[in-house]
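For reference, the structure discussed in these notes is given below.
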Amino acid sequence: MFTPRSIQSSLSLRQKLISMDYILIFSVLTLGIVSMFAMYYTAGGEFDYHTKSHIIRFTIFFILFFIISFFQIRFWHNTSFFIYFVFFLLLLGVKYFGLTSSGSQRWINFYFMNLQPSELMKVGLILFLAKYYHRISSNDVNRIKFLFVPIVALIAPILLVITQPDLGTSILIAAGGIGVAWLAGVKIKFFAYLSILFISLAPVAISFLKPYQKSRILTFLNPDRDPLGAGYQIIQSKIAIGSGGLFGKGFLNGSQSYLDFLPEKHTDFIFTLFSEEFGFFGSVFILLLYILIISRMVKIGHQTRSNFGKLYCYGFSTAFFVYVIVNMGMVLGLLPIVGAPLPIMSYGGSSMLTIMFGLGIVMSCKIYKDVPVN
Amino acid sequence: MMIRFSAEGNVSKSRMVSRRMFMLTVAKTVVFAGIFGRLVSLQINESKKYRTLSDKNRFREWRLAPQRGVIKDYFGKEIASNEKVYQLHITPENSSDIDKLFFRLKSILNISNERINFLKKKIAKQKPWEPIIVSENLSWTDFSRVNLFLHELQGVKPVVSVARIYPDNSTSHLVGYVSELSAKDLKQKEYLREMAVTGIAVGKTGLENTLDQNIIGKVGFQRYEVNAYGKRIKQIQIDKGQSGTNYDTTIDLDIQKTAANLIQDKSAAVCVMDIYNGDVVAMASSPTYDPNAFVHGIKSEYWKYLLDHRDKPLMNKALSGLYPPGSTIKTIVALSALENDVASTNLKVRCRGVIELYGEKFHCWKKKGHGYMDMRTAIQRSCDVYFYEVAKRLGVDRLSKTAKKFGLGQKVLPGFAEEKTGVVPNTKWKKKFIGQNWYLGETLHSGIGQGYYQSTPMQLCLMTAQIANGGFQIQPRIILDPKNKKNNLKEYIDYKSNNPDDPLPTDLLISSFNLTPLFRNQENINFVKEAMYAATNEAGGTSYKSRMKSKKFMFAGKTGSSQVKRFTAEQREAEIKQNEIVYEDRDHALFVAFAPVHNPKYSISVIVEHGGSGSSAAAPVAKKVIKHLLEKDDARSMRSNYLGGLKI
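Protein chains in written order, with the working numbering: chain A, 1 to 374; chain B, 1 to 648.
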């Protein structure tokens, strides 16, 4: 019996390579290379530890991206719940064996790297919900009985992450989960109920917030409140971006960054640094690359036959979009500083691993787009 | 069936997902447009603003106070110079705890609590990286002690700097002093706005004030790029600034010291001038003060002492002291009368010690009277009654014209803010400033330099100089201008003595030398000079006692005693002596002179406040100054030739 090549569950390496989305790969690679240069000039034009480890990580995780994409989409479908639980256990593990740094307990030491399971959970939750909504019938989506599992799957890791405490990551995890649920057809009213619940719980939640988190929110509302304290980061970031102007200050000439006026320049504020040196055109170039990546993911989702693939690709692209927007909104002074890395660009192994893992599964959807998952 | 249902469900689910994804895509597009808009606003619309803010972040400027120019006397001796001083600066940014630092400093040095509070207020006002001066002038012991404890004084920097020093107090009034920049200075002197630098000193009085703009120099700066922690990363620009212009003056420090020493116990002033080019050779005022006390902030006790002193030490009496010229003006009265043809030198008047005119008694200083006087003897003996008569004939308006021509009633030495104008009264002046008509009796008072007449010692010195030089206008100066060394008057005099037979009419000759004659007939000037010779060198003259017999030192002078308070009839009857009345009521003693008598070079004016008579208090001072002056005359001429030679 003739079966179209794409339906074949086992493809040759050549076939796999041919069916990959090269625009997506090209965009990711470009961003990766740009980020390497960005990392190089956070160190003031020296090959320091950050730059080296960023290059190594990007290389390893970029290869991992290919490996993951070569696994059949059915494999990812079948292991979704398992992956979620492994990540969840890791999160629990953080509670007990985690490393503490600058007041929050987020990492587990794995010798070759310090892993941040909350990052992995971003993809874990999307995988879990994609499979869940793939499995239940569309009539059941809005039944209370079937809402129970996703709510628990969403709330449980978020509670763990929020208490680390890590407001930024918990928001990003929630964004992915809510995205998938909404795409699967959960009615708006349930989100409304949930948000009403959240708002009514907000005073309680605020009392759990650390003082620095409270001050960040207040500072966002009025950055001049404390220009040398919490407002400093927003102000300095805006100065750096604004002073870049149309063409930027030039490579290695970003005074705001090399004179240390920019905080956390190789992680959350990497876009600021790039904007300062390459100006408006540079910023728009980066923005376009992200738009390209997101739209390719949406396209892959569109081409994928399985609902699992669709939900996953759409969900991950939405989450990816939220990561980009939260980070850019933050450095541009549109959103409060919550501590959210810019995908691919920011320094950070766990974040890089998560994004490459997530993109790998998207690519797997592309390669096996016509293969049914069950 | 199950499979079909599932497939149908699959399709509807997939449609739902795609529809919702479309909605999400629209939302994402809107959000991305928002980000794009924000980039446009920050990086294009407001880029300039942020560029400025970024430069503000990265550049810091440290400004450096320039070294002040030096002021020298005619022979190159410094009368205002610079010395090395040891200072203590604090950079607030570098200190972790400023209160603790001051506490520690207090235990090492002697700093008052007021000073510390003042410094703390200052620190609060300025940028944290700008240094502040804790002590401007530390002794070597204190300085080394601070250096010893430096390791526990974080933020403190010992600095070897340069500050103003005035080697001699005799020049205090003419040089003036510098002191810390004040808000008032900033308001008055526009150029200082760019000069508000830690440690800069500003001229407050005298030449320091006059020359301030050029002598202060140009502020230098170092611009550094700094990082967020204030650490200097690299030097962007450096401008070392420029030390101020050095100035040479016409003052002879030796003569200045002699004059100052002679009057040091009195409240007095001495002016000495070169009668040909107006060079001020000496300008002393007494009592004097220590200008160095102002440089590093004056102590309040000393300031109070200066302000409360009866004789006003801060006042430059040579330029700001106003005194009735008294009998010294009689030369001008005589000259004016001769020039206006209202009296001849042969006019005879009998002095009986008093005359009665307009129902008022006018006394001569000599109660018994001088008897018959002509103009020469009237000047020689300073007969008041004679000059009442001359003044009556002349009238106050014509007298005021001549007096003004010779330098009274106007500022004569350019560039001294503290110089006073004085008063040369006439009918118009009185109407304008007093609002009354002129009384004829007042003309008589004017004739002997009393009444409304007010003049400064410098004006009297100029007046005498312009008589002594043959009646030519000169412009007094104290700053040597390298561009203007031409001495037309001297050239004219030399030419005339070398070519006595030049057929050119005198007035043409004078104008060809670019001179402004103050006379109608030079004979009149010569007459007055001759009468002044008689006053000093012939028996019966008012300054005969102070004469110099040696030909080299002979001088001609006119005394004056100006009344501070009118004598009552009883006092006059009782023949009260000046030293028997209270100090404040005693006459001012005046003396003006030129020397050497036959070939005059210098004029001098001496005023001793409440000194009694000019002949006893002022003339002896003048005599000693003239002696020293003429002893140094050769040196001055040589120096003049040397400086003149420099021009070529």
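Yeah, the Cβ is synthetic: ideal placement off N, Cα and C, and Gly gets one too.
These numbers were taken from a predicted model, which means no experiment stands behind them.
Item: What residues of chain A sit near Thr250(B), judged by a beta carbon separation below 7 Å?; Value: In chain order: nothing, as chain A lies at least about 55 Å away.
Item: Flag this pair as touching only if the stretch 153-170 of chain B and the stretch 98-109 of chain B have three or more C-beta atom pairs under 8 Å; answer yes or no.; Value: yes
Item: Touch check for the stretch 169-181 of chain B and the stretch 195-213 of chain B: three-plus C-beta pairs under 8 Å?; Value: yes
Item: Quick one: measure Cβ to Cβ for Thr249(B) and Leu480(B), integer angstroms, because I've assumed they're closer than 8 Å.; Value: 6 Å
Item: Which word fits Lys28(B), buried or exposed, when buried means at least 16 other C-beta atoms lie within 10 angstroms of its C-beta?; Value: buried
Item: For a quick check, are the C-beta atoms of Gly69(B) and Tyr191(B) less than 8 Å apart?; Value: no
Item: Would you tell me roughly how many angstroms separate the C-alpha atoms of Phe37(A) and Ser255(A), rounded to the nearest one?; Value: 16 Å
Item: In angstroms, rounded to a whole number, what distance separates the CA positions of Glu389(B) and Gly614(B)?; Value: 23 Å
Item: Could you tell me the alpha carbon to alpha carbon distance between Val162(B) and Ser243(B), rounded to whole angstroms?; Value: 11 Å
Item: Determine the contact status of Ser320(B) and Thr456(B), defining contact as a CB-CB distance below 8 Å.; Value: yes
Item: Take Ile236(B) and list the residues in its own chain whose beta-carbon comes closer than 8 Å to its own, dropping the five residues that flank it on each side.; Value: Phe59, Arg223, Tyr224, Glu225
Item: Hey, how far is the Cα of Ile162(A) from the Cα of Gly168(A)?; Value: 9 Å
Item: Locate the alpha helix (DSSP H) running through Glu194(B), then write down its first and last residues.; Value: Element bounds for Glu194(B): n/a, residue is neither H nor E.
Item: Using a Cβ cut-off of 8 Å, which residues of the stretch 311-330 of chain A contact any Cβ in chain B, in chain order?; Value: Leu311, Tyr314, Thr318, Phe321, Ile325, Met328, Gly329
Item: Taking the continuous beta strand (DSSP E) assigned at Met283(B), which residues delimit it?; Value: 280-286
Item: Decide if Val298(A) is buried, meaning its Cβ has at least 16 other Cβ atoms within 10 Å, or exposed.; Value: buried
Item: Assuming the contact rule is C-beta atoms closer than 8 Å, Pro117(A) and Val141(A) should be a hit. Round their C-beta distance to whole Å, please.; Value: Actually they are not in contact, since the Cβ atoms of Pro117(A) and Val141(A) sit about 29 Å apart, beyond 8 Å.
Item: Taking CB distances under 8 Å as the criterion, tell me whether Gln43(B) reaches chain A.; Value: yes
Item: What residues match up with Ala101(A) in a beta bridge as DSSP calls it?; Value: Sequence inspection shows Ser at residue 101(A); the Ala mentioned does not correspond to that position. DSSP lists Ser104(A) as partners of Ser101(A).
Item: To test your reading of the DSSP string, which unbroken beta strand (DSSP E) runs of 3 or more residues are found completely within the stretch 569-622 of chain B?; Value: 588-595, 602-608
Item: Using a Cβ cut-off of 7 Å, which residues of the stretch 253-267 of chain A contact any Cβ in chain B, in chain order?; Value: Ser255, Gln256, Leu259, Asp260, Phe261
Item: Taking the beta strand (DSSP E) that Asp239(B) belongs to, which residues open and close that run?; Value: 232-239
Item: Using the three-state DSSP reduction, which class does Glu307(A) fall into: helix, strand or coil?; Value: In the sequence on display, residue 307(A) carries Asn and not Glu. Here Asn307(A) sits in helix by DSSP.
Item: Just to confirm my understanding: we take Val322(A), look at its own chain, exclude 5 residues before and 5 after, and list those with CB closer than 8 Å. What are they?; Value: Leu172, Ala175, Gly176, Gly179
Item: Going along the chain, which residues of its own chain have a beta-carbon closer than 8 Å to the beta-carbon of Gly451(B), five neighbours each way excluded?; Value: Pro324, Pro425, Glu442, His445
Item: Between Asn94(B) and chain A, is any beta-carbon pair separated by less than 8 Å?; Value: no
Item: Mind the definition here: the stretch 628-635 of chain B touches the stretch 589-602 of chain B only if three or more C-beta pairs lie below 8 Å; say whether that holds.; Value: yes
Item: Could you tell me whether any Cβ in chain A is nearer than 8 Å to the Cβ of Lys234(B)?; Value: no
Item: Spell out whether any CB of chain B is found under 8 Å from the CB atom of Gly244(A).; Value: yes
Item: Return the Cβ separation of Val219(B) and Arg63(B) in integer angstroms, given the expectation that the two are a contact with Cβ distance under 8 Å.; Value: 5 Å
Item: Are the beta-carbon atoms of Pro476(B) and Leu462(B) separated by less than 8 Å?; Value: yes
Item: Indicate whether at least one CB of chain B lies closer than 8 Å to the CB of Gly279(A).; Value: yes
Item: So with Cβ pairs under 8 Å, would you call Val284(A) a contact of chain B?; Value: yes
Item: So what's Met375(B) in DSSP terms, helix, strand or just coil?; Value: helix
Item: Taking Ala228(B) as the query, report the chain A residues whose CB atoms sit under 7 Å from its CB, ordered along the chain.; Value: Leu259, Asp260, Phe261
Item: Flag Ala184(A) as yes if its beta-carbon sits less than 8 Å from any beta-carbon of chain B, otherwise no.; Value: yes
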